[in-house]
Amino acid sequence: MTKLDFYGIDAIGLKARDEVLPGRLIVIEGTDGVGRTTQLRLLRPWLESIGYAVVDTEMTSSVLAGPGLKRAKEGHTLGPITLNLFYATDFVDRFENQILPALRAGFIVLTDRYIYSLMARALVRSADLQWLRAMYGLALKPDMAFYLKISLHDLVPRVLQSGGFDYWESGMDMRLGNDLYESFVNYQTSLMTAYEQMIGEYNLQVIDAALPVEQIVEQIKYKIMPLLPHG
Amino acid sequence: METYGTHQYPGRLFVVEGVDGSGKSTQIALLRQWLISEGYTVFFSEWNSSPLVKKTTSKGKKKQLLTPTTFCMIHATDFADRTEHDIIPPLKAGAIVLADRYIYTAFARDVARGVDRQWVRELYQFAVKPTMAFYYRVPLEVSLGRILTGRTELKYYEAGMDLGLSSDPHESFKMFQQRIVDEYESMVGEFGLTVMNASLPIPEQQRRMRKLVLPYLKGVRRLRTSPKDSNWVDLMHKESTLEVKEM
Chain D
1 MTKLDFYGID AIGLKARDEV LPGRLIVIEG TDGVGRTTQL RLLRPWLESI GYAVVDTEMT
61 SSVLAGPGLK RAKEGHTLGP ITLNLFYATD FVDRFENQIL PALRAGFIVL TDRYIYSLMA
121 RALVRSADLQ WLRAMYGLAL KPDMAFYLKI SLHDLVPRVL QSGGFDYWES GMDMRLGNDL
181 YESFVNYQTS LMTAYEQMIG EYNLQVIDAA LPVEQIVEQI KYKIMPLLPH G
Chain X
1001 METYGTHQYP GRLFVVEGVD GSGKSTQIAL LRQWLISEGY TVFFSEWNSS PLVKKTTSKG
1061 KKKQLLTPTT FCMIHATDFA DRTEHDIIPP LKAGAIVLAD RYIYTAFARD VARGVDRQWV
1121 RELYQFAVKP TMAFYYRVPL EVSLGRILTG RTELKYYEAG MDLGLSSDPH ESFKMFQQRI
1181 VDEYESMVGE FGLTVMNASL PIPEQQRRMR KLVLPYLKGV RRLRTSPKDS NWVDLMHKES
1241 TLEVKEM
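These protein sequence lines are chains D and X, in that order.
The opening position of the first sequence corresponds to residue 1 in the working numbering, with each subsequent residue numbered one higher.
The opening position of the second sequence corresponds to residue 1001 in the working numbering, with each subsequent residue numbered one higher.
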């Protein structure tokens, strides 16, 4: 059972409805380009092959806020607080419309990122930590959250491989360097520090993302197995 | 990022609050005219007006995609954009910013929808605390009369139809508005809102408002020095479209 355990205030009022959620919430976290999508693409068929129904969900895919957020990012007027709230709105929309219903129906929900990335990105943009904690307090605690950890040294070739440096993923809205690459380096370094600080607090399961793909997925599978219903 | 109460700016922020039909928008518009005529640089921010977020909010409302929480959040996003663009920069530059509706609108409406009271206050922690927040208090029947006269159709979320209070939009609206008023009333003490009697004649309300605002204008930069000959009554005659009695 995914217990009704929140990080903060049960802002959505789930406890009042006395819910029991038979599904499982599994989160894959880590910075851009680290290999989360690769892992999810392997985990989903595996879970389905052993008989579980799976839903996977990712950032900026909410019906409500997804398009608006993408459009806002294309412009040049998006400020850091607004950016964070847009992402937060997207998150809450997916949480209420995709994640919760799936958990109620007994699905395994594989989530590409969760509140941890949102908080890390906001912190690097000088958001107040108390504010973030309070806001994201409405999130359900996942059954397990994996943090794919990588060094900057190993990250750069992967990012180059997948097409180069993206404006937002390089923190260029803050222009942390003279060009995209320099900004990327500084931004990702700060992000990684932010993630590191969350490991203990949120009990993130650290996985060495520099290992071969097959080894990573085996580690994740091994840890997921005991959590599965009738596992 | 600074939080509510910690921002220190040379400008001044005045906001008006109250239910629809309380007359607050009329008052803030008059205040604006007066401040401009006195030589101040005035910026105006309206609820739900961020160009970045408006489309998303409209879509959400039209397609009924919004839950109480996402309704709350999309409005907070709109407010954040306005705070970062239209409120903070002018305040830092020493201008006067006026807002028709502020965070207290969110607190009233969202809590009326069942959003956790503490959570929504924490969500808006990034907001600048206003220099003064005016709450236009009006008997509910009066405000309802002003809004509903001539309006046959109430929109879904506006009437609080998502709350299932009544299948009749007018009934639902009344019940929803009552909840909102209850929230506002409890916020007067909580946030030190300045209560204004919205049943008084418009010029009298405006006179009182200006009197309350005046002391806070001390030290605020003006574009030009004080108009040499006129008292403010003359200015109102020139610039206002309303009749004003000699004071």
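Cβ atoms here follow ideal geometry from the backbone N, Cα and C, with glycine treated the same way.
Answer with yes or no whether the minimum CB distance from residue i to chain X is below 7 Å.
{"i": "Ala174 (chain D)", "result": "Ala is not the amino acid found at residue 174 (chain D); the sequence shown has Met there. Output row for Met174 (chain D): interface = no."}
{"i": "Phe165 (chain D)", "result": "no"}
{"i": "Glu96 (chain D)", "result": "yes"}
{"i": "Asp5 (chain D)", "result": "no"}
{"i": "Ala209 (chain D)", "result": "no"}
{"i": "Val92 (chain D)", "result": "yes"}
{"i": "Ala237 (chain D)", "result": "A question about residue 237 (chain D) goes unanswered here, because the residues of chain D that appear run from 1 up to 231."}
{"i": "Leu85 (chain D)", "result": "yes"}
{"i": "Met119 (chain D)", "result": "no"}
{"i": "Ala194 (chain D)", "result": "no"}
{"i": "Thr57 (chain D)", "result": "no"}
{"i": "Asp179 (chain D)", "result": "no"}
{"i": "Ala11 (chain D)", "result": "yes"}
{"i": "Lys190 (chain D)", "result": "In the sequence under discussion, the amino acid at residue 190 (chain D) is Ser, which differs from the Lys named in the question. It does not: the Cβ of Ser190 (chain D) has no partner Cβ on chain X nearer than 7 Å."}
{"i": "Ser126 (chain D)", "result": "yes"}
{"i": "Ala72 (chain D)", "result": "yes"}
{"i": "Ala134 (chain D)", "result": "yes"}
Taking residue i and residue j to be in contact with their CB atoms under 8 Å, please state how far apart those CB atoms are, rounded to whole angstroms.
{"i": "Lys149 (chain D)", "j": "Gly35 (chain D)", "result": "In fact, because the Cβ distance is near 11 Å, the residues do not count as touching under 8 Å."}
{"i": "Gly1192 (chain X)", "j": "Phe1176 (chain X)", "result": "Not quite, the Cβ-Cβ distance comes to about 26 Å (not below 8 Å), so this is no contact."}
{"i": "Pro229 (chain D)", "j": "Arg24 (chain D)", "result": "7 Å"}
{"i": "Val54 (chain D)", "j": "Ile108 (chain D)", "result": "5 Å"}
{"i": "Val1053 (chain X)", "j": "Arg1137 (chain X)", "result": "So it is not a contact: roughly 30 Å between Cβ atoms."}
{"i": "Ala1273 (chain X)", "j": "Thr82 (chain D)", "result": "Limits of chain X in this structure are 1001 at one end and 1247 at the other, which puts residue 1273 (chain X) out of reach."}
{"i": "Tyr1102 (chain X)", "j": "Pro1130 (chain X)", "result": "6 Å"}
{"i": "Met1001 (chain X)", "j": "Asp173 (chain D)", "result": "Going by Cβ atoms, the distance from Met1001 (chain X) to Asp173 (chain D) rounds to 15 Å, so no, they are not a contact pair."}
Determine, using beta carbons only, whether residue i comes closer than 7 Å to chain D.
{"i": "Met1187 (chain X)", "result": "no"}
{"i": "Leu1140 (chain X)", "result": "no"}
{"i": "Ala1080 (chain X)", "result": "yes"}
{"i": "Ile1088 (chain X)", "result": "no"}
{"i": "Ala1076 (chain X)", "result": "yes"}
{"i": "Gly1060 (chain X)", "result": "yes"}
{"i": "Thr1105 (chain X)", "result": "no"}
{"i": "Met1001 (chain X)", "result": "yes"}
{"i": "Leu1013 (chain X)", "result": "no"}
{"i": "Thr1006 (chain X)", "result": "no"}
{"i": "Glu1183 (chain X)", "result": "no"}
{"i": "Thr1056 (chain X)", "result": "yes"}
{"i": "Lys1228 (chain X)", "result": "Caution is warranted here: a pLDDT of 46 is assigned to Lys1228 (chain X), below 50, making its placement in the model unreliable, and no coordinate value can be reported."}
{"i": "Leu1098 (chain X)", "result": "no"}
Please find out if some non-hydrogen atom of the ligand GDP comes closer than 6 Å to the beta-carbon of residue i.
{"i": "Ile1074 (chain X)", "result": "As presented, the structure is devoid of all ligands, the ligand GDP included, so that no description of it is given."}
Is the region 181 to 196 of chain D touching the region 96 to 113 of chain D, taking contact as three or more C-beta pairs under 8 Å? No: the two stretches stay apart, fewer than three of their Cβ pairs being nearer than 8 Å.
As an exercise, report each continuous alpha helix (DSSP H) stretch of at least 4 residues that is fully enclosed by the region 125 to 175 of chain D, in chain order. With a minimum length of 4 residues, the continuous alpha helix (DSSP H) runs that stay inside the region 125 to 175 of chain D are 129 to 135 and 152 to 161.
Stretch pair the region 1106 to 1118 of chain X + the region 2 to 11 of chain D: three plus CB contacts closer than 8 Å: The region 1106 to 1118 of chain X, when compared against the region 2 to 11 of chain D, does touch it at the 8 Å Cβ threshold.
Which runs of the beta strand (DSSP E) at least 3 residues long sit entirely within the region 91 to 127 of chain D? Give them in chain order. Correct list: 108 to 112.
Select from the region 143 to 170 of chain D all residues with a C-beta closer than 7 Å to any C-beta belonging to chain X, and list them in chain order. Interface annotation for the region 143 to 170 of chain D against chain X: empty, criterion Cβ-Cβ distance under 7 Å.
Taking contact to mean 3 or more Cβ pairs, one atom from each stretch, closer than 8 Å, check whether the region 111 to 122 of chain D and the region 74 to 92 of chain D are in contact. Yes: the two stretches touch, three or more of their Cβ pairs being nearer than 8 Å.
Under 9 Å (Cβ pairs) to chain X, residues found in the region 19 to 34 of chain D: Those would be none; no residue qualifies.
Residue ranges of each beta strand (DSSP E) run of no fewer than 3 residues wholly in the region 4 to 53 of chain D, ordered along the chain? The DSSP assignment places complete beta strand (DSSP E) segments of no fewer than 3 residues inside the region 4 to 53 of chain D at 24 to 29, in order along the chain.
Give, in chain order, every unbroken run of the alpha helix (DSSP H) that is at least 4 residues long and sits entirely within the region 1060 to 1113 of chain X. For the region 1060 to 1113 of chain X, whole alpha helix (DSSP H) runs of length 4 or above, ordered along the chain, are 1068 to 1082, 1088 to 1092 and 1103 to 1112.
Pull out every residue of the region 1116 to 1139 of chain X whose Cβ sits closer than 7 Å to any Cβ of chain D, in chain order. Those residues of the region 1116 to 1139 of chain X placed with their C-beta closer than 7 Å to a C-beta in chain D are Asp1116, Gln1118, Trp1119, Glu1122, Leu1123, Gln1125 and Phe1126, ordered along the chain.
Measuring CB atoms only, is the region 1048 to 1065 of chain X touching the region 62 to 78 of chain D, in the sense that at least three cross pairs come out at less than 8 Å? Yes: at least three Cβ pairs fall under 8 Å.
Residues within the region 1062 to 1074 of chain X neighbouring chain D, beta-carbon criterion of under 9 Å: Hits within the stretch, in order: Lys1063, Leu1065, Leu1066, Thr1067, Pro1068, Thr1069, Thr1070, Cys1072, Met1073 and Ile1074.
Can you give, in chain order, each stretch of the alpha helix (DSSP H) that sits fully within the region 1117 to 1180 of chain X and has at least 4 residues? Within the region 1117 to 1180 of chain X, the complete alpha helix (DSSP H) segments at least 4 residues long are 1117 to 1123 and 1140 to 1148, listed from N- to C-terminus.
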